[in-house]
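To convert, take the position in the sequence shown, counting from 1, and add 3; that gives the working numbering.
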Amino acid sequence: MFGVVPKTMWSKRTPADDQNRILLGLNSVVVRTGRHTVLIETGIGNKQTAKMREIHQNTPQLPASLAAAGVRPEEIDVVLNTHLHFDHCGWNTTLHPDGSVTPTFPNARYFAHAGEVAHGRLQLDRDRVSYLSPNYDPLIESGQMTLLTTEGIRADPEIFPGISVEEFPGHTAQMLGIHIESRPHGGASEHACYIGDLIPTAHHLDPTWVIGYDLDPVRCIAERKRFYQRAIPEQWIVLFTHDHHTPAARVSLNDKGKPVASALSL
Ligand SMILES: [Zn+2]
């Protein structure tokens, strides 16, 4: 998770266990716009082999988390995936004991970038383990998933008013950030951005602390700087996919000019 950053440095921020693992979140976000209920990201899901579960020690819990929050799967109108790595779209579909796979959110329209699907289908040595087609192919085949294109996003980044997507390339070639903007009557507007794996946790705010999974770490450094140019002065709420302790924060620069997080309680 920390690429070329030495363990002597990152372990001060987040300690590893005896197998060199750190605690990570799989943070999904539900947005109720008043008209739509949107789900951003769907975690790892329930399709992992026993061996992979043993390695990652993850618990398949999105359905239970949604139930605890009073959100029924049938209520979700839109599911957005920042990219199609297995830890971001796992609960797009559910694996049943008979081996069948069905959409977890039967009434939702799913959105992902077409480039992610194309890349996953190449099954390259570098990252084939990250692309598990049962997480998206059934949805594409049934027409339930809309595949966004770079040109289409440039022409119109809005999914609907208040929710829009923007490419932040580097982790993958077309990774999406999700913008959430509230425009309350009379009150101050708020802007949140779910930044996916461009900045997976609050420990990764330093532009050079990029992760080993990034396909283009140099591009990630540039994209983080581009992100801060708006996120810091406009005081965005930054939503981190993989930070268990700090899922949401505002970012500012400290006296050394380094970006730091002020956690928000949700
Ligand atoms: Zn991830």
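Beta carbons: idealized from backbone N, C-alpha and C, even for Gly.
What's the C-alpha gap between G146 and T211? 40 Å
Span of the beta strand (DSSP E) holding I255? In the sequence as presented, Ile is not what sits at residue 255; that position holds Ser. Counting along the chain, the beta strand (DSSP E) containing S255 begins and ends at 251-256.
Which partner residues does R131 have in the DSSP bridge list? DSSP, once it has assigned bridges, lists no residue as partnering R131.
Using three-state DSSP, classify S167 as helix, strand or coil. strand
Can D3 be considered in contact with ligand 1, in the sense that its beta carbon sits closer than 6 Å to one or more heavy atoms? Shown here, the chain extends from 4 to 269; a query on residue 3 therefore has no answer.
Quick check on N58: does DSSP put it in helix, strand or coil? Note that residue 58 is Ile in the sequence shown here, rather than Asn. Helix at I58.
When you compare each of T45, N84, T11, L98 to Q51 by their alpha carbons, which one comes out closest? L98
Does ligand 1 have even one heavy atom less than 6 Å from the beta-carbon of D101? no
To the nearest angstrom, how far is it from the Cα of D101 to the Cα of E78? 26 Å
Taking 7 Å as the threshold (C-beta atoms), are G189 and T244 in contact? no
Inside the region 192-248 only - alpha helix (DSSP H) runs reaching at least 4 residues: 220-234
Cα-Cα separation between D130 and R124, rounded to whole angstroms: 11 Å
F108 - DSSP class collapsed to helix/strand/coil: coil
Residues proximal to ligand 1 by C-beta, any heavy atom closer than 7 Å: H88, D90, H91, D200, P203, T244, H245
Outcome for Q177 when other beta-carbon atoms lying within 10 angstroms are tallied against a minimum of 16: buried
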